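**Q**
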Amino acid sequence: MSNLTETDLHAYADGQLDDVRRVQVEAHLAHDAAATESVRLWREQSVALRALYNPVLNEPVPQRLLAARPSPGRWAYYALAAGAMGLAFGLGWLSHSYRTDRFVEAAALPRRAAVAYAVYAPEVRHPVEVGADQQDHLVKWLSKRLGNELKVPLLTPQGFDLVGGRLLPGGKGPVAQFMYQDARGQRITLYVSVRDAELRETAFRFSQEDKVAVFYWIDGKLGYALSGEMDRASLLAVATVVYRQLNP
Amino acid sequence: MESAEIVAHIPRLRRYARALAGDSHRADDLVQDTLERALAKFYLWRHGSDLRAWLFTIMHNVFINQLRARRELALDEAVEDGLRSAPQSDPLELRDLDAALRRLPVEQREVLLLVGLEQLSYAEVSKALGIPAGTVMSRLSRGRERLRAVMSGTVAATNLKVVK
Numbered sequence: 055m056s057n058l059t060e061t062d063l064h065a066y067a068d069g070q071l072d073d074v075r076r077v078q079v080e081a082h083l084a085h086d087a088a089a090t091e092s093v094r095l096w097r098e099q100s101v102a103l104r105a106l107y108n109p110v111l112n113e114p115v116p117q118r119l120l121a122a123r124p125s126p127g128r129w130a131y132y133a134l135a136a137g138a139m140g141l142a143f144g145l146g147w148l149s150h151s152y153r154t155d156r157f158v159e160a161a162a163l164p165r166r167a168a169v170a171y172a173v174y175a176p177e178v179r180h181p182v183e184v185g186a187d188q189q190d191h192l193v194k195w196l197s198k199r200l201g202n203e204l205k206v207p208l209l210t211p212q213g214f215d216l217v218g219g220r221l222l223p224g225g226k227g228p229v230a231q232f233m234y235q236d237a238r239g240q241r242i243t244l245y246v247s248v249r250d251a252e253l254r255e256t257a258f259r260f261s262q263e264d265k266v267a268v269f270y271w272i273d274g275k276l277g278y279a280l281s282g283e284m285d286r287a288s289l290l291a292v293a294t295v296v297y298r299q300l301n302p
Numbered sequence: 167m168e169s170a171e172i173v174a175h176i177p178r179l180r181r182y183a184r185a186l187a188g189d190s191h192r193a194d195d196l197v198q199d200t201l202e203r204a205l206a207k208f209y210l211w212r213h214g215s216d217l218r219a220w221l222f223t224i225m226h227n228v229f230i231n232q233l234r235a236r237r238e239l240a241l242d243e244a245v246e247d248g249l250r251s252a253p254q255s256d257p258l259e260l261r262d263l264d265a266a267l268r269r270l271p272v273e274q275r276e277v278l279l280l281v282g283l284e285q286l287s288y289a290e291v292s293k294a295l296g297i298p299a300g301t302v303m304s305r306l307s308r309g310r311e312r313l314r315a316v317m318s319g320t321v322a323a324t325n326l327k328v329v330k
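Read top to bottom, the protein sequences are chains A and B. Just remember that our numbering sits 54 ahead of the position in the first sequence, which is counted from 1. Just remember that our numbering sits 166 ahead of the position in the second sequence, which is counted from 1.
(1) Quick one: Cα of Asn57 of chain A to Cα of Gln78 of chain A, how far?
(2) Answer yes or no: does any C-beta atom of chain A fall closer than 8 Å to that of Arg184 of chain B?
(3) Measuring only between beta-carbons, confirm whether Gly282 of chain B sits less than 8 Å from chain A.
(4) If contact is defined by three or more beta carbon pairs under 8 Å, each pair taking one atom from either stretch, is the stretch 282 to 296 of chain A in contact with the stretch 169 to 182 of chain B?
(5) Does any residue of chain B bring its CB to less than 8 Å from the CB of Leu71 of chain A?
(6) When you compare only the Cα positions, how much space is there between Trp195 of chain A and Tyr171 of chain A?
(7) Please state whether DSSP places Leu209 of chain A in a helix, a strand or coil.
(8) How would you list, in chain order, the residues of chain B whose beta-carbon sits under 8 Å from the beta-carbon of Pro116 of chain A?
(9) Output the distance between the C-alpha atoms of Val198 of chain A and Gly296 of chain B, rounded to the nearest integer angstrom.
(10) Within 8 Å of any Cβ in chain A, is that where the Cβ of Glu290 of chain B sits?
(11) Can you pull the chain B residues whose beta carbon is under 8 Å from the beta carbon of Ala168 of chain A, in chain order?
(12) Excluding the 5 residues preceding and the 5 following Leu221 of chain A in the sequence, name in chain order all residues of the same chain whose CB lies nearer than 7 Å to its CB.
(13) Helix, strand or coil: which one does DSSP assign to Met303 of chain B?
(14) Leu286 of chain B and Ala185 of chain B look like a contact to me (Cβ under 8 Å); what is the Cβ gap, rounded to whole Å?
(15) Would you decide whether Leu71 of chain A is buried or exposed? Buried here means 16 or more other CB atoms lie within 10 Å of its CB.
(16) Indicate the three-state DSSP secondary structure (helix, strand or coil) for Asp72 of chain A in the structure shown.
(17) In chain A, which residues lie less than 8 Å from Met303 of chain B when you measure between Cβ atoms?
(18) So Val291 of chain B and Val302 of chain B are supposed to be a Cβ contact under 8 Å. How far apart are they, rounded?
(19) Taking the alpha-carbon of Gly282 of chain A as reference, which of A:Phe232, A:Asn108, A:Gln99 and A:Ala105 has the nearest alpha-carbon?
(20) Looking at chain A, is there any beta carbon in it that lies within less than 8 Å of the beta carbon of Asp264 of chain B?
(21) Classify Thr59 of chain A: buried if its beta carbon has 16 or more other beta carbons within 10 angstroms, exposed otherwise.
(22) If you drop the 5 nearest sequence neighbours on each side, which residues of the same chain put their C-beta closer than 6 Å to that of Thr223 of chain B?
(23) Distance, Cα to Cα, Val277 of chain B vs Val193 of chain A?
(24) Is the CB of Asn108 of chain A under 8 Å away from at least one CB in chain B?
(25) Which two residues bound the contiguous alpha helix (DSSP H) that contains Ala291 of chain A?
(26) Helix, strand or coil for Ser318 of chain B, going by three-state DSSP, please let me know.
(27) State yes or no: is the beta carbon of Arg178 of chain B nearer than 8 Å to at least one beta carbon in chain A?
(28) Alpha carbon to alpha carbon, what distance is there between Val266 of chain A and Gln99 of chain A?
(29) Using a Cβ-Cβ cutoff of 8 Å, what residues of the stretch 307 to 319 of chain B are near chain A? List them in chain order.
(30) Residue range of the alpha helix (DSSP H) that Thr243 of chain A falls in?
(31) Along the chain, where does the alpha helix (DSSP H) that runs through Arg94 of chain A open and close?
(32) Specify, as a first and last residue, the run of the beta strand (DSSP E) that Glu60 of chain A falls within.
(33) Could you give the residue range of the alpha helix (DSSP H) that holds Gly282 of chain A?
(34) Under three-state DSSP, which class holds Ser151 of chain A?
(35) Could you tell me whether the Cβ of Val173 of chain B comes closer than 8 Å to any Cβ of chain A?
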């Protein structure tokens, strides 16, 4: 066959030729050992890929995927109008029986952190309970209340100075909030909560909670959320530094 | 219900993400971001068109964005690499295949997986990735050849590490 191309061979290997072309290619392959070997190899690759990754199909789907919500963004309003509520309902219904308290708690971290940010960041006179001038006391006090040794990241090189911190009620006990401020008065907060001991997830995740951007992660017993009313990339730069200092 | 349709695709999205991203944490992050984006943009999906191909398109965009962001987040990479565990029960050769996939350029890996693993038609791959049919074929061809070369040890692994 004079007009046989490599594309034909791939399409043959992948079962994507119509009958006429397939017969033509087969006729050609009868005389072309090298092409036959290529086809065999490509098929073998595909078979091996499916053998390797097909087991994923049978794994239980993680709760967080079943409970995925529309990510807010420029599309969010349209999506809501277009019936995202219905979608959320559907996902919620499907995931209902798999839901666990632990999962709900994990999903609540960025939300709680964003609310705490929204409440205290605009505060002019009393943004914190204990100021940065008493940093040692602040850290000891909050560490004691949370029952865990807390560390306060140093963000001066990023332009953020510690304002201070406060104790807040969380879902399952006390929560610490550290506040930072840059030269323009822009504030960010680090929200630290104590987790269930068995929850060990270190993925670094992002959530947009209305106007507040939140990067959050869990390290052992502590859940961290860095919140700020700024764009994702700017906050990411700071969050990376925080993450690095807290997870050396 | 439409969302139930999306849910039905989760296992296959996870399979593709695992092959694409390697690490299972990162793969599920990729799936989650894809689902969140898909739910937010669901009104853009045209009824009757292929939902799965549309989801692959979204995952492709999310993945590329994550790769770009990860350059700023080298530490995260190191942490997650530390968490990576090889599937113990798989034969050595299959684990080699996973390692070999990491050494394919992303654009070749995507095409190779959509064709070989997900068994999409070339036209669907072209649409999902937003590239011409000819580009699908050239990436497929180069991807298969490179995978063969890496698996047979004729390519130096260190030079080809894509995700940095």
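The C-beta atom is built at its ideal place from N, Cα and C for all residues, glycine as well. All figures in this text were calculated on a predicted structure; none of them were measured in a lab.
**A** So, from the listed chains and residues:
(1) 10 Å
(2) yes
(3) Interface flag for Gly282 of chain B against chain A is set, since a Cβ pair is found closer than 8 Å.
(4) no
(5) no
(6) Roughly 21 Å separates the two Cα atoms.
(7) coil
(8) Under the 8 Å cutoff, chain B gives Asp194.
(9) Correcting the residue identity first, residue 198 of chain A is Lys in this sequence and not Val. Straight-line Cα distance between these residues: approximately 55 Å.
(10) no
(11) None at all; the shortest Cβ gap to chain B is about 16 Å.
(12) Glu183, Leu196, Arg199, Pro228 and Ala230.
(13) helix
(14) That belief does not hold up - the Cβ atoms of Leu286 of chain B and Ala185 of chain B are roughly 13 Å apart, past 8 Å.
(15) buried
(16) coil
(17) Glu60, Thr61 and His64
(18) 5 Å
(19) A:Phe232
(20) yes
(21) The residue is exposed, with fewer than 16 neighbouring Cβ atoms inside 10 Å.
(22) Ala294
(23) Taking the straight line joining both Cα atoms gives about 52 Å.
(24) Yes, Asn108 of chain A lies at the interface with chain B (some Cβ there is under 8 Å from its Cβ).
(25) Arg286 to Leu300
(26) coil
(27) yes
(28) For Gln99 of chain A and Val266 of chain A, the distance between alpha carbons rounds to 46 Å.
(29) Ser307, Arg310, Leu313 and Arg314
(30) From DSSP, Thr243 of chain A is part of no alpha helix (DSSP H) but of the beta strand (DSSP E) over Arg241 to Val248.
(31) Ala87 to Tyr107
(32) Run containing Glu60 of chain A: none in the beta strand (DSSP E); it sits in the alpha helix (DSSP H), Glu60 to Ala67.
(33) No alpha helix (DSSP H) holds Gly282 of chain A; the beta strand (DSSP E) holding it covers Leu276 to Gly282.
(34) Low local confidence applies: a pLDDT of 36 at Ser151 of chain A is under 50, so the model's placement there is unreliable, and no value is given.
(35) For Val173 of chain B, the answer is yes, since a Cβ of chain A falls inside 8 Å of its Cβ.
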